[in-house]
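*Asks:* What follows is a structure written as structure tokens; I'll ask about it next.
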Amino acid sequence: MKTVIFNSNVINEVKKNGPVKLVWANELVGGVLTNQKPVFTEESKSIGLEAIILDSYTASAMVKVMGALSEGVKEKVIKRIDSDRAYFGMFVEQVWNCVK
Numbered sequence: 020m021k022t023v024i025f026n027s028n029v030i031n032e033v034k035k036n037g038p039v040k041l042v043w044a045n046e047l048v049g050g051v052l053t054n055q056k057p058v059f060t061e062e063s064k065s066i067g068l069e070a071i072i073l074d075s076y077t078a079s080a081m082v083k084v085m086g087a088l089s090e091g092v093k094e095k096v097i098k099r100i101d102s103d104r105a106y107f108g109m110f111v112e113q114v115w116n117c118v119k
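Sequential numbering from 20 applies to the sequence shown in our numbering.
Dropping the structure here:
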């Protein structure tokens, strides 16, 4: 499975093309992904971070919820989830609350 640095465009790609493993630039040495093998910073290693999987089903739900947001809120959400996996996790949790 392909590993990518997360940005909000990845959500639509996953919806269309299938699952990927996600990492965030702030977790990686030099902020880059080399040869599909993430090299996590010491801080990231110390808390046990690993790439997480985003599947098509979750991505599809995220796209639907994003589509329902106002532009201002959508921009704030994108800025936050692009910056940190914790915000991404909180957003996914909220997406599933909306889907219920």
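Where a beta carbon is used, it is the ideal one built from N, C-alpha and C, also for glycine.
#1: Could you tell me which residues DSSP puts in a beta bridge with V42?
#2: Name the two residues that bound the continuous beta strand (DSSP E) containing I72.
#3: Could you tell me which residues DSSP pairs with L47 in its beta bridges?
#4: Express the C-alpha separation of L73 and V39 in angstroms, rounding to a whole number.
#5: Since T53 sits in a beta bridge, which residues does DSSP pair it with?
*Replies:* Well, looking at it:
#1: V42 pairs with I24.
#2: Where I72 is concerned, the enclosing beta strand (DSSP E) stretches over I71 to L73.
#3: BP columns for L47 point to F59.
#4: Answer to the nearest angstrom: the Cα atoms are 6 Å apart.
#5: The partner list for T53 (beta bridge, DSSP) reads K56.
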